[in-house]
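Colleague:
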Amino acid sequence: MQPSPQHASELIHKLENLFEKLDKISFQPQLFDEVYAQNMCFEDPFHRIEGRDDFKHYCANLYENVAYCRFTFLSRFMQESQAVLRWRMDLSHPRLNKGQNIILDGCSYLEFEQKITFHRDYFDGGQMLYEHLPLLKHAIALIKNRMVN
Numbered sequence: 001m002q003p004s005p006q007h008a009s010e011l012i013h014k015l016e017n018l019f020e021k022l023d024k025i026s027f028q029p030q031l032f033d034e035v036y037a038q039n040m041c042f043e044d045p046f047h048r049i050e051g052r053d054d055f056k057h058y059c060a061n062l063y064e065n066v067a068y069c070r071f072t073f074l075s076r077f078m079q080e081s082q083a084v085l086r087w088r089m090d091l092s093h094p095r096l097n098k099g100q101n102i103i104l105d106g107c108s109y110l111e112f113e114q115k116i117t118f119h120r121d122y123f124d125g126g127q128m129l130y131e132h133l134p135l136l137k138h139a140i141a142l143i144k145n146r147m148v149n
């Protein structure tokens with residue numbers, strides 16, 4: 001069943017609030033229950049997770065090791081039971097980039113009825129991870145340099 005425009009807007013606003021304020025201290029699994037359907041699916045360049053409970057577990061583990069993570073939502077595009085959110089993530093992880101902040105631009109594609117049933121994040125995996133690993137950092141920089149020159 002297609003949600004009303006008002007319900008869709010409120011649902012997306014709840015999702016934005018959830019991720020704007022999410023960290024290991026403020027992590028509240030019940031907030032995911034308000035936004036995501038039990039049978040939801042999450043995908044990003046590194047994972048595919050089926051089910052809200054597994055997604056909550058994934059997020060809890062992910063944020064446990066992060067020193068700092070903030071999402072800023074830049075724009076949203078909505079049509080019927082779909083939305084695309086453009087965001088910027090400011091991330092600090094002790095094992096990436098010597099603990100220095102990483103800025104990552106991305107977007108989320110969402111499908112929903114009364115709650116979100118599908119969430120797919122699109123971002124550059126190299127920008128987030130590979131370019132900040134000591135063994136790969138220099139090799140990727142060399143490859144990028146050769147592509148430009």
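In case it helps, full-length UniProt numbering puts the sequence shown at residues 1 to 149. Glycine residues also receive a C-beta, built at the ideal position from the N, C-alpha and C atoms. Every value quoted in this text rests on a predicted model; they were computed, and no experiment measured them.
Look at the alpha carbon of H57 and the alpha carbon of A37, and state the distance between them as a whole number of angstroms.
Modeller: The count along the sequence shown starts at 1 and reaches residue 57 at position 57. The count along the sequence shown starts at 1 and reaches residue 37 at position 37. Cα to Cα, the separation comes out at about 15 Å.
Colleague: Given this structure, state the Cα-to-Cα distance separating H47 from D53, to the nearest angstrom.
Modeller: Indexing the sequence shown from 1 puts residue 47 at position 47. Indexing the sequence shown from 1 puts residue 53 at position 53. If you take the alpha carbons of H47 and D53, they lie about 15 Å apart.
Colleague: Do you know whose CA, among N39, K14, S26, lies nearest F118's CA?
Modeller: Locating residue 118 in the sequence shown gives position 118, counting from the first residue. For F118, the nearest C-alpha among the options comes from N39.
Colleague: To the nearest angstrom, how far is the alpha carbon of R95 from that of W87?
Modeller: Looking up residue 95 in the sequence shown gives position 95. Looking up residue 87 in the sequence shown gives position 87. So the two alpha carbons sit approximately 23 Å from each other.
Colleague: Bridge partners for R48 per DSSP, in chain order?
Modeller: Position 48 of the sequence shown, counted from the first residue, corresponds to residue 48. Note: R48 sits in a beta bridge opposite E43.
Colleague: Tell me, to the nearest whole angstrom, how far the beta carbon of Y63 is from that of L31; I am working on the premise that it is less than 8 Å.
Modeller: Reading the sequence shown from its first residue, position 63 is the one you call residue 63. Reading the sequence shown from its first residue, position 31 is the one you call residue 31. About 13 Å; that fails the 8 Å criterion.
Colleague: If you reduce the DSSP assignment to three classes, tell me which class D124 lands in.
Modeller: For the purposes of this step, residue 124 is identified with residue 124 of the sequence shown, where counting begins at 1. DSSP places D124 in coil when its eight states are reduced to three.
Colleague: Who are the near neighbours of L74 in its chain, counting only those whose CB is closer than 7 Å to its CB and skipping five residues on each side?
Modeller: On the sequence shown, position 74 is the one that residue 74 refers to. The residues are R86, W87, R88.
Colleague: What span of residues does the beta strand (DSSP E) with residue 156 cover, start to end?
Modeller: Absent from the structure is residue 156, since the part of the chain shown begins at 1 and ends at 149.
Colleague: Provide the residue span of the beta strand (DSSP E) that contains V84, from first to last.
Modeller: Against the sequence shown, residue 84 aligns to sequence position 84. Looking at the DSSP string, the run of the beta strand (DSSP E) that includes V84 is 82-92.
Colleague: Measuring CB to CB, does L104 end up less than 8 Å from Y68?
Modeller: The residue labelled residue 104 in the question sits at position 104 within the sequence shown. The residue labelled residue 68 in the question sits at position 68 within the sequence shown. No. Outside cutoff.
Colleague: For residue 192, which residues does DSSP report across the bridge?
Modeller: In the structure displayed, the chain extends from 1 to 149; residue 192 sits before or after that span and is not available.
Colleague: Do the CB positions of E111 and P3 come within less than 8 Å of each other?
Modeller: The residue labelled residue 111 in the question sits at position 111 within the sequence shown. The residue labelled residue 3 in the question sits at position 3 within the sequence shown. Contact: no.
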